[in-house]
Each structure stands twice: as C-alpha cells, then as structure tokens.
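Notes follow the structure.
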Amino acid sequence: MCGALRPSDAGKKATLMGWVNKRRDLGSLIFVDLRDRTGITQVVINAERDAAIHEKTEALRNEYVIAVTGTVKLRDASTVNKNIATGEVELVAEELRILNESKLPPFLPSDTALTNEETRLKYRYIDLRRDVMQFNIELRHKVAKAIRDYLSAQGFFEIETPFMTRSTPEGARDYLVPSRVQPGTFYALPQSPQMFKQILMISGFDKYFQIVRCFRDEDLRADRQPEFTQIDLEMTYPQPERVWEVVEGFLTAAFAAAGFAINTPFPRMDYDEAIRLYGIDKPDLRLPAFTDVRECFAAENLQELAINASLPVVAIRTPKVGELSRKERDDIKPMFHAKGGAKIFEDFKRIGNKFPEAAAAIAKKTGMEDGDLIVLVAGSAQAGAWQAASSQAHTAAATNKKVTPQELAIYASAGTLRLALAQKYAERHGIFKKTGDAAKDFRFLWVTNFPMFEWDEGEKTWNAAHHPFTSPHEEDMAKLESGVEALHDPLSPLSAVRALAYDVVLNGTELGSGSIRIHRQDVQSRIFRALGMTEEEARERFGFFLEALEYGTPPHGGIALGLDRIVMILAGAESLREVIPFPKTARAVDLMVDAPTPVSYKQLRDLGIDVLKFGETFRRNWLEKLPKSLELKREHGRTYLNKVGRRVGLPASREVKANSWKVELPERFDHLVLLCQSDAGKVLDFVLPGDLVAQLWPAYQPRPGHRITTVVVRDGERYFLRAGKRRLEITEYLGKTDILRG
RNA sequence: GGGGACGUAGUUCAGUUGGUUAGAACGCUGCCCUGUCACGGCAGAGGCCGCGGGUUCGAGUCCCGUCGUCCCCGCCA
36 MCGALRPSDA GKKATLMGWV NKRRDLGSLI FVDLRDRTGI TQVVINAERD AAIHEKTEAL
96 RNEYVIAVTG TVKLRDASTV NKNIATGEVE LVAEELRILN ESKLPPFLPS DTALTNEETR
156 LKYRYIDLRR DVMQFNIELR HKVAKAIRDY LSAQGFFEIE TPFMTRSTPE GARDYLVPSR
216 VQPGTFYALP QSPQMFKQIL MISGFDKYFQ IVRCFRDEDL RADRQPEFTQ IDLEMTYPQP
276 ERVWEVVEGF LTAAFAAAGF AINTPFPRMD YDEAIRLYGI DKPDLRLPAF TDVRECFAAE
336 NLQELAINAS LPVVAIRTPK VGELSRKERD DIKPMFHAKG GAKIFEDFKR IGNKFPEAAA
396 AIAKKTGMED GDLIVLVAGS AQAGAWQAAS SQAHTAAATN KKVTPQELAI YASAGTLRLA
456 LAQKYAERHG IFKKTGDAAK DFRFLWVTNF PMFEWDEGEK TWNAAHHPFT SPHEEDMAKL
516 ESGVEALHDP LSPLSAVRAL AYDVVLNGTE LGSGSIRIHR QDVQSRIFRA LGMTEEEARE
576 RFGFFLEALE YGTPPHGGIA LGLDRIVMIL AGAESLREVI PFPKTARAVD LMVDAPTPVS
636 YKQLRDLGID VLKFGETFRR NWLEKLPKSL ELKREHGRTY LNKVGRRVGL PASREVKANS
696 WKVELPERFD HLVLLCQSDA GKVLDFVLPG DLVAQLWPAY QPRPGHRITT VVVRDGERYF
756 LRAGKRRLEI TEYLGKTDIL RG
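According to this note's numbering, the first sequence holds residues 36 to 777 in order.
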C-alpha cells in the first residue's frame, strides 16, 4: 500500500497501485506522488534509466489510476521528506501501467482550500478521496467496531429489527413507504426501533443492541440528518446506573479506538440543576455555570432596574473576552432572545457605576477575573403581574425544588445567550480548543430525572416529555395519581413527576437519551390516563404493544446514542455531513444521485396513489429536465413545446407573467394538474377536472404520453384558461374545487 | 412556516459612489528543466458575473422575483 513503505523495505521489489496525487516533472526526471487510502509514496521515473516509462509518465494526469512496480530505495539524507510517513524512501519505477484515466475533476483531493458544499456533495466520490474524509470514515468504522466488540463481549446480542414498520402518531413525522399489495396503506420507516427493542426484552433476549439507521422527516440542521445512525440498546432488570455503566463502557472503548482515554464514571446532574446552572438540559461543562446574583442587589437596586425580585438574576460569565468597545457591547443585545419577560443587562460597567457594591459582590460571587465578560439576565418587573398571579405555583414548586415556567424562561434565555457568547468569543477564551488532554477536551455528563410531563401552552394540557413508555419515579407515583385529576391545570402535581429518564451529554451535545420503561400494564394505563388518552384510544394506537406487556414483561430499560454525533465530535467536525459518506442537504436532497424525484404515473398507479398537490419539487425536477432550448409553439389549436428559443416559458402577457409547463397525461385521467406562476410570483397549482379539459379542447382524445400545455391568465380576481383565442373562465370552478396556493 | 449569509473562470476569491476590453491565485494546455515534494521558468486557453424581470444613456454593482447551498428559530417522543 502507498502508505506502508519504510526504510527497512529498502532494496525490496514492490508494486503500488493508486491515484496520481501529483506529478512533478523536472524534465528527464519525474516524480509522481501515488496515493491510496493508506497514504502517499513518491515514485521516481528517470528517463536515463527507462525512456519508455518516462514517456508514459509524461502522459499522466491528476487522479489517473496506475500500477507501478519498482525497487524501494532509501532517499539521500538531503532529499528526505519529513512531512509524509513514507518520506525516507521512494519507489524507483521499473514498470508502469495506466489502469484508468481520469477526466479533470472539478476539484482535487489534494486541494487545500475547501470547495463549496454543493460541488463537494455532487462529486462526493472525489470529495471522499480527501484525506480528512478518509480519516473520518475510517474513524467511524473504528468507533462502530469498538462498540460492537465491547457490547458483544458484555453479552449483548446484535439483533436486527424491521425498517418497514408501523406508523405511530407520536413524535417526529414518519417517512412513509406505500404498500403495493395493499393499496392505500403505508409502512413507516422507524424513527427508532423503540417498540421492537422492548418487545425483544419481552421475548427474552435480555441484552440487545443494534447499530441501526433511523429516519425522521423533520427539518435539518448541521447536527441533524433525515437518516442517521443510532447505537440502540436495551436490557432487562436494570437500574439506570447499570445502563450508564454499559454506556460509559462502550464510550470508553470507542474513544480509545479514536486514541482518547476518557474518565468514568461521568458526573451526574438532575435536570432541574442543569436548568438552574446552565439554562439548558444539555450543559456544556467546559464553560462556567451561571451564578444567581439576586442577593447581591439591594431591594431598591432591583426596583430601580425594574427587575422582578421574585425571579432569579442570572450572571453569565464568559472568560477572557477582554474590554469590549461600545459597538461590541451593542452587538450582544441582538444575540439575546427573550422568553417570557426575561431582560438583559449587557453593560456590566454601567451596573458598576450605578451600584458599585452590587457589582463588587457579583464580581466576587461569579469569580470574575480580569477580562471576563459578565452579562446579567433577569425577569422584568412588568412580568411581575402574571408572576404574582401564579405566585402560588412559585411557592408550591419551590418546595418541590422544581423550576417554575417563569424561572425556566429566565434560565433558558440566559442559557442560549451563554452559548452564543461563548461561540462568538471562542477565539478569545480558547475554551473550545483541544488541549490534547481527553479529560478536559471531552466533558461528559449524565442529566437525570427529567420531568415526566411537559406543559403545552397552546393545547393547555400535559404531554409526555420523553415517550409514553418511560417509567415515572417510584416516589412520584402518588403525584401521578392526583395529577391525573388536574390534567389541564398548569399547576397540576404532574409538573413534579420525575421520569426515570436520562441523557448522556458531551460538550453541550446530546449524545443519547434513554429511560427505564414501564413494564406493568396498570402503570401504563395510568400514564395514558394522565396524558388524557382513554383505554380505547391507547388500544387503537399501541394495541399490540399493550397486549405484549400483559404477558409477563420483565422490568427493562435502555438508551440510544447518535453514532454520527459521536464520530462528529471525535473528528472535530462542525457538521454531520463530514462523517456521513452520502449525506443530504438542508432540503433533504441527495445531490449526487439527485433524490428525491417524481415517479412515473405507472408507479403511482400500482401503489394506488394519486398525487394531488405537486409542489416546488415537482416543478423544479420536471422543468430542470427539459432541454433549455424549448419554447412554446401553437399549432392546430393546441400548444406544443418546440425547439426554438432559450428557456421554457410563455411570453409574458399583459395580465399576467405566466410560466407554463407540460403535463404528461396518463392513459386515463380524471383531471389535469396545472401549475402557474402568477404575476405576484406566487405559484398556483390546482386540479382541473376532466370535464373542464373537454370544454377547453372539445376534440381532444386523451392518449398515452400525450402532452398538453396551457396558461392560466388572471384578470383581476378572475382566472382564465387560454387555448388559442378562446378563454375559458375557471374562476368559479376553482372556487368549487380545491385551489391550492403554493 | 420564519429569519440571516452566500452565489463572479474548473476551484478559492477580489471587483471602489453604477462608467472603457471583469482581475488575482491555484488548477488546466503547450514548451523548457536530473532531486523535486506548495518544484521552477516561459507562453496560452478559459466568464450567460446562478436564472428571470425592472430602473438607467449605461448594471457584476441598485430594485423585485426566482433557483440553489449554508446557518439559525419553529419543528425534531
């Protein structure tokens, strides 16, 4: 392999195969850097030694695939290249074969400046040749293998679960797979194998794991792809601590495989504590926690600052930011997104001028050092009105050590600001820079005792915060019982029910989430009742599962971790795309294979599917595939696309600037779908029933593959179809059918 | 669904208050070069300034729309 040769190999014969990474042509002496997965070796071709090979080498271009046989030679001391592992040797070519040529790639794997994502994704096979990508994918393999090996050694079975499964209304949107055999019905791709793994526990496979693809049809982020990989595991009879031990074990193995020695056990923190100290349920422990500095102010100070004295005053300390200019201070304000009456005091100097004693106390309490930035977040006095009204909640919650919604608003606002500030001044405080000490670089944390229920302000009800199979705390069972009576009361005892749920967090990223599950039918019923679900509704949605629970279900629990995120952090990457070989864009498009695409009518018909609304995707995919040189032409009272002009489209009319495009008619049709861009730039698409088509084109006989184009014209509030000189008003008709505005 | 950034040569980018023929670097092509490894030297090719409208005597530059990529909010049990 190209990265393998060492001085000890000197004198040996070797054959290397790989890509031409670089050719340095010095005339009758040519150097070729030959690259494969393992590295780069320099090949020397000397015209004096072999004119034929030299001639062949002159034809080589970047990314040609070649095979070279030659003798490994130690380099002279003066020509050693310390930058590469094979730098002390080179291969003197005695035979050279061009295995394949290459077109000039849009970018080279050896380029130092990164090409834009669009090009990288389109030519992913070239992008993946880059050493960083090779490293990341190899790292991913090593991590996955380490986890498999560890869990297997611990007695876990890797068991596969179906990809084509049942849609559940809970949680994220499902990706659906239509059934041909039973038209009108759909499988769903799993958001996670949650129910199957619990069924496996019921089935007696007491330790299960799987490195498995999951699918969620939600909007993407840098750390969210529509398909992603989970390390999913479940075991019987565990305390949460037992699950944590297993996770700590395989993470240690995974990080070791990546060359990092991490410490276990990870620290643990209650959800409430995480909110109080960090304003978020996935704290980044590398940064300083909040300090509550309400006590540092005198009551009059708070009044003067219009701060609500019954809510916390949070100090955010960002280290080593240094003196900020007026403009820089102003830049902080837009970074703050106030929730529920939270307000910001970004100018600590001014606080110091006005209230020197308070400022001194704050500086002391926060451990402020020279150059540290202090920003305060507090509840505004205006928020006091509704605060007073629910002061009862405040006291009640205080006894439960529970964070109230009002406090949460302050903490959460401060929490996002804390991260934004840390991000903005990352260069200055340097906390995010790797030190090389894994214990400092990777700050793990277990966040535990999540609330069982979340208040939905819109629906005025309590929802399951995790999933409805999460077991509540044994001690909170009584609250659960009484809380059921107050399902639509935001102050319900349900607010204080804790779940046996836990998250594993690394450097502010949620790596995984798990829980001890409910294994008893009676508890499960109570939870469903608490969620306002009747027995019948519950049966309807989770029938098979509830039935399974009744056949001797052992206590069980587990967790699922995002493999992509783990590898991303290990690789030091900013985006999941860097650790997924074939990722999708923010619009869930695969730019290499160009998916998704519209499918033929025949395919849809087989599935019993009728697509009513063709959206942007349809329009784009269909239009883009038309030759650019088409223009509309009218003949024999019909409109055709002809090869004349530059773009597809109709000449702009006075009334409306309309584009139009073809619709491929099926053998049989009940309606046409037309899409039209109105003068306001809005895309209208609507269904045109068959009898209207007949009115417009009386002589028209639908034929397979026949294409028709028409234009929708708008005149004020009236809409017309145009066919030749005829105009057919469809305004009224549109009112009766569904006109869908895109 | 909402907000923001970006789109100029194959690639990364520059392009002034709108004003001659749109530049640089790398890459590419040809020639020269025996110790390079970011090789060097000489010569050269390469542009619907994303697309469509508009304003203007004049648009890469201003306005509107649209397409695409990225980031964020909502969403993601």
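Glycine included, each C-beta is placed from N, C-alpha and C at the ideal position.
Residue i versus residue j: straight-line alpha-carbon distance, rounded
{"i": "S113", "j": "D472", "result": "36 Å"}
{"i": "V115", "j": "G122", "result": "6 Å"}
{"i": "T569", "j": "P144", "result": "59 Å"}
{"i": "P618", "j": "T264", "result": "12 Å"}
{"i": "G587", "j": "Q556", "result": "10 Å"}
{"i": "H502", "j": "R183", "result": "27 Å"}
{"i": "Y160", "j": "L174", "result": "18 Å"}
{"i": "E153", "j": "D629", "result": "12 Å"}
{"i": "G53", "j": "E545", "result": "40 Å"}
{"i": "A45", "j": "R110", "result": "9 Å"}
{"i": "Q260", "j": "Q638", "result": "27 Å"}
{"i": "P204", "j": "F577", "result": "10 Å"}
{"i": "R453", "j": "L566", "result": "34 Å"}
{"i": "V281", "j": "R329", "result": "41 Å"}
{"i": "T200", "j": "L596", "result": "21 Å"}
{"i": "D625", "j": "V278", "result": "36 Å"}
{"i": "P616", "j": "R248", "result": "14 Å"}
{"i": "A844", "j": "G375", "result": "Residue 844 is absent from the model: the chain starts at 36 and stops at 777."}
{"i": "Y460", "j": "D365", "result": "15 Å"}
Exposed unless 16 or more other CB atoms sit within 10 angstroms - verdict on residue i
{"i": "L61", "result": "exposed"}
{"i": "T470", "result": "exposed"}
{"i": "V67", "result": "buried"}
{"i": "K678", "result": "Because K678 sits at a pLDDT of 25, beneath the cut-off of 50, its placement in the model cannot be relied upon, and the following sentence gives the value as read from the coordinates. When all chains shown are included, K678 counts as exposed."}
{"i": "K778", "result": "Residue 778 lies beyond the residue range present for the chain, which begins at 36 and ends at 777; the question has no answer from this structure."}
{"i": "P218", "result": "exposed"}
{"i": "M270", "result": "buried"}
{"i": "L340", "result": "buried"}
{"i": "M403", "result": "buried"}
{"i": "D267", "result": "buried"}
{"i": "P225", "result": "buried"}
Three-state secondary structure (DSSP) of residue i
{"i": "N135", "result": "strand"}
{"i": "N298", "result": "coil"}
{"i": "Q189", "result": "coil"}
{"i": "D557", "result": "helix"}
{"i": "I397", "result": "helix"}
{"i": "K637", "result": "helix"}
{"i": "H591", "result": "strand"}
{"i": "N81", "result": "strand"}
{"i": "M611", "result": "The identity of residue 611 in the sequence shown is Leu, whereas the question assumes Met. Residue state, collapsed to three classes: helix."}
{"i": "G387", "result": "helix"}
{"i": "C37", "result": "coil"}
{"i": "K692", "result": "Note on K692: pLDDT 24, under 50, position unreliable in the model; no value is reported."}
{"i": "E130", "result": "strand"}
{"i": "D625", "result": "strand"}
{"i": "G239", "result": "coil"}
Whether residue i touches residue j by CB criterion (8 Å)
{"i": "I594", "j": "G547", "result": "yes"}
{"i": "N343", "j": "A393", "result": "no"}
{"i": "R41", "j": "V124", "result": "yes"}
{"i": "P318", "j": "R352", "result": "no"}
{"i": "A128", "j": "T50", "result": "no"}
{"i": "Y446", "j": "V349", "result": "yes"}
{"i": "A623", "j": "E613", "result": "no"}
{"i": "F485", "j": "A536", "result": "yes"}
{"i": "E609", "j": "A257", "result": "yes"}
{"i": "G414", "j": "A377", "result": "yes"}
{"i": "N171", "j": "V438", "result": "no"}
{"i": "W497", "j": "L529", "result": "yes"}
{"i": "I119", "j": "I75", "result": "yes"}
{"i": "F477", "j": "F295", "result": "yes"}
{"i": "T196", "j": "Q245", "result": "yes"}
Runs of beta strand (DSSP E) lying entirely within the stretch 254-329, each at least 3 residues, in chain order | As summarised for the stretch 254-329, the continuous beta strand (DSSP E) elements at least 3 residues long and confined to that stretch are 262-271, 303-305, given in chain order.
Any beta strand (DSSP E) of 3 or more consecutive residues that is wholly inside the stretch 449-536 = As far as the stretch 449-536 is concerned, its whole beta strand (DSSP E) runs of at least 3 residues are 479-483, 488-491, 496-499.
Output the residue ranges of the alpha helix (DSSP H) runs that lie fully inside the stretch 165-220 and measure 4 residues or longer, sorted by chain position.
-> For the stretch 165-220, whole alpha helix (DSSP H) runs of length 4 or above, ordered along the chain, are 166-188.
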